[in-house]
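Below is one structure; the comments refer to it alone.
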Amino acid sequence: EDPQKKPPKMEMPKQKSGYVPPPRDSKSWGTRWNRWFSKMELMGVRMANFSQRGFINLVLLFMAINTYTFVRNYNNYWRLRRDPNLPKQWLEEQKNPGQGDWELEEERKTRDQRMIGIRGSKDNKYYT
Numbered sequence: 001e002d003p004q005k006k007p008p009k010m011e012m013p014k015q016k017s018g019y020v021p022p023p024r025d026s027k028s029w030g031t032r033w034n035r036w037f038s039k040m041e042l043m044g045v046r047m048a049n050f051s052q053r054g055f056i057n058l059v060l061l062f063m064a065i066n067t068y069t070f071v072r073n074y075n076n077y078w079r080l081r082r083d084p085n086l087p088k089q090w091l092e093e094q095k096n097p098g099q100g101d102w103e104l105e106e107e108r109k110t111r112d113q114r115m116i117g118i119r120g121s122k123d124n125k126y127y128t
């Protein structure tokens, strides 16, 4: 037994009637349809896998960006908290600048209207 010896090739049996099978492309329409349909089905499966994998990667990227942003802001906040030259009030959540003053003024106006009415205690001779 020679290990280098190749196995004999399989040969197609000779046709007794002289019939030669048609080439691959000229099969019956049903066979061609099934072959084409299977190809399209596999392409659809590949595209679905590709798009789903892409969607999952986008979700993971979104989570990673949010985590990175949170860690960066958290570290900056605590770095500023340790700074002795920075007033602590500047780091707390604030509304618009001066919003507290406007709220105080609105409260004073409503209190004045409740106490003395809209016309107030103004003398009509000076305001007519």
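For the sequence shown, full-length UniProt numbering assigns the number 1 to the initial residue and increments by one for each residue that follows. For each residue, glycine too, the CB sits at the ideal point set by N, CA and C.
Spatial distance of residue i from residue j (CA atoms)
i: L86; j: N76; result: 13 Å
i: D101; j: W78; result: 29 Å
i: G54; j: L61; result: 10 Å
i: T31; j: F37; result: 10 Å
i: W48; j: K39; result: Inspection of the sequence shows that residue 48 is occupied by Ala rather than by Trp. When rounded, the distance between both Cα atoms is 14 Å.
i: T69; j: T110; result: 43 Å
i: R46; j: G98; result: 59 Å
i: M115; j: N96; result: 30 Å
i: M43; j: L80; result: 55 Å
i: E105; j: Q89; result: 22 Å
i: A64; j: V71; result: 11 Å
i: S28; j: E41; result: 20 Å
i: R82; j: T67; result: 23 Å
Span of the alpha helix (DSSP H) around residue i
i: G44; result: 29-81
Contact set for residue i: own chain, Cβ-Cβ below 8 Å, skip 5 residues either direction
i: K5; result: none
Nonlocal neighbours in the same chain, by C-beta distance under 6 Å from residue i, ignoring five residues either side
i: D112; result: none
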